[in-house]
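In the working numbering, the protein residues as written are 3 to 102. For each residue, glycine too, the CB sits at the ideal point set by N, CA and C. Keep in mind it's a predicted model, so treat the numbers as computed, not measured.
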């Protein structure tokens with residue numbers, strides 16, 4: 003199993019808006035029957051206004067297929083993602099292997 007985590011650094015005071023943006027994206031993804039993952043926020047630690055979007059997938063090929071599925075939804079998700087860009091200073095991506 004792989005955890006894919008994308009952490010967004012929101013502009014100061016824009017964390018709530020980023021969360022709402024990701025919730026809109028998740029609603030569209032869920033409605034399509036695809037996995038939407040979960041949203042996490044920092045809890046008074048490290049840099050503030052950080053929001054993570056985390057997914058668990060079987061392997062990297064499953065992650066690639068999921069990302070391709072998101073890409074195919076560009077007409078629905080594209081405008082929401084464009085709005086997200088105005089709310090963040092950047093993002094980082096991590097892929098973690100789950101040890102069981």
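- Around the beta carbon of residue 49, a 10 Å sphere encloses fewer than 16 other beta carbons of the protein chains shown; the residue is thus reported as exposed.
- Of the residues assessed, residue 23 falls on the buried side of the cut-off, its CB having 16 or more other CB atoms within 10 angstroms.
- Where residue 28 is concerned, the enclosing alpha helix (DSSP H) starts and stops at 17-33.
- The beta carbon of residue 94 sits closer than 7 Å to those of 9, all from its chain and outside the five residues before and after it, given in chain order.
- In terms of Cβ geometry, residue 75 and residue 30 form a close pair [threshold 8 Å].
- If one requires a minimum length of 3 residues, the beta strand (DSSP E) runs lying completely within the segment 24-90 are 40-43, 52-59, in chain order.
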